[in-house]
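Trainee:
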Amino acid sequence: PEPLGIEVIAVSRERRDGPALMMRVPDDGGESEGAGFFMATRLDEVVVPQPFSAEAEVLAAGWSRESLRAVKLMPEEQGSLRQWSAKRAS
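Take the sequence shown: its letters are residues 1449 to 1538, numbered as in my numbering.
#1: Along the chain, where does the alpha helix (DSSP H) containing residue 1527 start, and where does it finish?
#2: Thinking C-alpha only, which one of 1484, 1533 and 1511 is nearest residue 1468?
#3: Spatial neighbours of residue 1456 within its chain, please: C-beta separation below 6 Å, excluding the five flanking residues on both sides.
#4: Along the beta strand (DSSP E) that carries residue 1469, what are the first and last residues, could you check?
#5: Considering only residues of the same chain and omitting the five flanking positions on each side of residue 1505, which have a CB-CB separation below 7 Å?
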């Protein structure tokens, strides 16, 4: 696409890892400027849209637009996430 765009899709290996996620920079749809964030609405048989598909096609493929929300984690939650991440990396 013109200008340069980046699209990243993460699809989990196992159902328990959660839904697939898609991030687009810049976001060409929606009301936000900057990044677009989508989440698959199902855990199985996720349909990954063609790269840089129009937002209507992404939504029709079973994805929902989500807002980016910043969350302040408590120190114990941060430690818990670090432990979880270290286990997943090994």
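Glycine included, C-beta positions come from ideal geometry on N, C-alpha and C.
Mentor: On the basis of the supplied data:
#1: That run of the alpha helix (DSSP H) goes 1523-1537.
#2: 1511
#3: 1471
#4: 1469-1473
#5: 1497
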